[in-house]
Amino acid sequence: MSSFERAKAFLNIILKYKHGPGIFGHCQAYYGMVEAQGRGTLHCHMLLWIAGNPSPQALRDRLASDASFKSNMFQWLENIISCKLPYDKGPVPETSPNDACKPVRTHELDPRLERSPQVAEMDAKSFEYEFKKFLSRLAVECNWHIHSETCYKHLKNGQKKGDSTCRMRLDGSVQDVTTIDIETGSIELRRWRGRCNTDTQFIGSGEAVKAAVFYITEYITKGDLPLHVALQALEYAPKMHNAKYITDPQVDPQKKDSNLLTKSVNAMMGWQEMSHQQVMSYLIGGGDYYTSHTFETIKWYEFCANEVVRLCRVLNSLHNIVNVETQLDIDALHDVLLSNPALDGDEFDDDVTGSQLNENADITSVYYKPELTQGR
Numbered sequence: 001m002s003s004f005e006r007a008k009a010f011l012n013i014i015l016k017y018k019h020g021p022g023i024f025g026h027c028q029a030y031y032g033m034v035e036a037q038g039r040g041t042l043h044c045h046m047l048l049w050i051a052g053n054p055s056p057q058a059l060r061d062r063l064a065s066d067a068s069f070k071s072n073m074f075q076w077l078e079n080i081i082s083c084k085l086p087y088d089k090g091p092v093p094e095t096s097p098n099d100a101c102k103p104v105r106t107h108e109l110d111p112r113l114e115r116s117p118q119v120a121e122m123d124a125k126s127f128e129y130e131f132k133k134f135l136s137r138l139a140v141e142c143n144w145h146i147h148s149e150t151c152y153k154h155l156k157n158g159q160k161k162g163d164s165t166c167r168m169r170l171d172g173s174v175q176d177v178t179t180i181d182i183e184t185g186s187i188e189l190r191r192w193r194g195r196c197n198t199d200t201q202f203i204g205s206g207e208a209v210k211a212a213v214f215y216i217t218e219y220i221t222k223g224d225l226p227l228h229v230a231l232q233a234l235e236y237a238p239k240m241h242n243a244k245y246i247t248d249p250q251v252d253p254q255k256k257d258s259n260l261l262t263k264s265v266n267a268m269m270g271w272q273e274m275s276h277q278q279v280m281s282y283l284i285g286g287g288d289y290y291t292s293h294t295f296e297t298i299k300w301y302e303f304c305a306n307e308v309v310r311l312c313r314v315l316n317s318l319h320n321i322v323n324v325e326t327q328l329d330i331d332a333l334h335d336v337l338l339s340n341p342a343l344d345g346d347e348f349d350d351d352v353t354g355s356q357l358n359e360n361a362d363i364t365s366v367y368y369k370p371e372l373t374q375g376r
């Protein structure tokens with residue numbers, strides 16, 4: 001299964017966008033950005049908007065004042081974000097350094113290469129047992145945190161590497177129940193496994209919400225070209241441009257400007273690194289982002305012209321009501337703004353649409369239109 005097929009399966013099966021509640025609830029919108037890891041494999045960072053979730057301040061107030069709501073909220077979060085293995089009955093604290101190490105597979109295949117248990121091939125009780133067993137092995141293999149250089153990439157020279165300086169803050173500590181800090185409004189989820197590296201984060205309440213929203217939004221919308229590489233490319237482009245025209249000072253200025261722009265774009269694109277997985281994703285139509293909404297262009301002059309027509313009719317009606325004999329000259333307005341033969345002499349035809357107006361106008365705007373799409 002390709003990364004594109006996996007992404008579509010996630011949207012259709014896990015989220016069930018526009019097809020009822022999914023695992024997280026009713027998904028109102030989503031935006032995901034495809035990114036390539038250092039070894040070239042593709043993965044997707046995605047923001048989800050779930051129906052019924054209050055604003056951060058409203059959520060904080062309800063959690064502080066409504067015990068029933070708080071209990072239901074905690075139960076929902078613990079159901080969709082699990083920091084434990086399926087068979088765990090309580091916290092599993094680390095008693096020695098060896099407990100932090102990922103359990104070694106003995107005489108077993110990598111669970112990522114195995115076929116998952118099929119519900120159609122066994123009875124309900126057997127399937128539940130086999131599925132939990134398979135899920136436990138898969139979670140240990142894929143979501144057991146092991147410190148790497150990525151954990152310490154922000155450390156200063158001389159700082160010690162270890163649990164206390166891991167930027168993921170996975171130090172092996174456990175927590176029996178989900179709690180909330182009344183002062184900050186931050187929710188601390190139940191964590192029975194101290195090395196559980198979950199890929200789902202709830203953006204709810206507390207002082208860190210704005211920072212989390214900014215970080216996640218910036219991360220999933222970041223460009224593939226690092227800033228310092230782009231600046232190097234832009235520094236290189238003017239040098240090549242000047243060298244080309246240094247012996248030909250009489251060249252057309254417009255041509256020189258166009259050439260500089262072309263060289264700048266080509267210089268940046270030339271520094272763009274792409275893995276073969278990214279290239280193949282583009283070739284099969286997978287694209288590099290997934291979104292439930294898209295922008296669509298409208299012609300601004302159509303909106304303005306129709307609004308002017310509506311306002312003129314309103315003003316004419318008001319003048320007639322107060323017996324003012326002044327009648328707006330709609331013909332003059334027609335001559336100045338529209339110059340359209342489809343319009344009648346004294347009033348605008350109700351059948352005239354924006355598409356019949358002057359299509360040479362170059363002023364555009366955008367509005368937001370819900371539409372399932374993925375692009376490149």
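Each residue of the sequence shown is one higher than the one before, starting from 1 at the first, in UniProt numbering. Built from N, CA and C at the ideal position, the CB exists for glycine as well.
If you draw a straight line from the Cα of residue 147 to the Cα of residue 167, it comes to about 10 Å. Assignment of residue 192 by DSSP, reduced to helix, strand and coil, places it in the coil class. Separation of the CB atoms of residue 132 and residue 87 is rounded to 6 Å, and the pair is thereby assigned contact status at 8 Å. A direct Cα-Cα distance of roughly 36 Å separates residue 216 from residue 130. Separation of residue 172 and residue 85 (C-alpha to C-alpha, rounded to the nearest whole angstrom) is 15 Å. Boundaries of the beta strand (DSSP E) harbouring residue 298: 289 to 299, taken from the DSSP string. About 7 Å separates the Cβ atoms of residue 80 and residue 200, confirming a contact at the 8 Å cut-off.
Here the alpha carbon of residue 11 sits roughly 10 Å from the alpha carbon of residue 291. Between the C-alpha atoms of residue 192 and residue 177 there is a straight-line separation of about 9 Å. Rounded to whole angstroms, the gap between the alpha carbons of residue 283 and residue 42 is 15 Å. Look at residue 139 here: in three-state DSSP terms it is helix. The Cβ atoms of residue 237 and residue 267 sit closer than 7 Å to each other. At least 7 Å separates the beta-carbon of residue 97 from that of residue 174.
Per DSSP, the beta-bridge partners of residue 27 are 50.
Rounded to whole angstroms, residue 315 and residue 306 show a C-alpha spacing of 14 Å. Judged by DSSP secondary structure, residue 70 falls within the alpha helix (DSSP H) whose first and last residues are 67 to 80.
Beta-bridge pairing by DSSP links residue 58 to no other residue. In this chain, the alpha helix (DSSP H) harbouring residue 276 covers 276 to 283.
Within a 10 Å sphere around the beta-carbon of residue 159 sit fewer than 16 other beta-carbons, which makes this residue exposed.
Check the Cα spacing between residue 89 and each of 74, 296, 22 and 190: the tightest is with 190. A distance of 7 Å or more separates the beta carbons of residue 33 and residue 19.
Taking 7 Å as the cut-off, the beta carbon of residue 30 is found no closer than this to the beta carbon of residue 59. Residue 285 and residue 165 have their C-alpha atoms some 42 Å from each other. Counting along the chain, residue 102 sits inside no alpha helix (DSSP H), nor does DSSP assign it H or E at all.
Going by C-alpha positions, residue 127 is about 20 Å away from residue 13. DSSP links residue 43 through a beta bridge to 35. According to DSSP, residue 187 shares a beta bridge with 180. Within the same chain, 127 come within 6 Å of residue 119 by CB-CB distance, once the 5 residues on both sides are set aside. A direct Cα-to-Cα measurement between residue 300 and residue 51 gives close to 32 Å. Here residue 232 carries a helix assignment [DSSP, helix/strand/coil].
Exclusion of the five residues before and after residue 83 leaves 189, 190, 191, 192, 193, 196 and 198 as the residues of its chain whose Cβ lies within less than 8 Å of its Cβ.
In the DSSP secondary-structure assignment, residue 175 is bridged to 191. Scanning its chain for C-beta atoms nearer than 8 Å, with the 5 sequence neighbours on each side dropped, one finds around residue 155 the residues 161 and 165, in chain order.
15 is the residue among 36, 15 and 37 whose C-alpha sits nearest the C-alpha of residue 27. Residue 204 sits close to residue 187, with the two beta carbons spaced by under 7 Å. Residue 100 is a Cβ neighbour of residue 94, given a cutoff of 7 Å.
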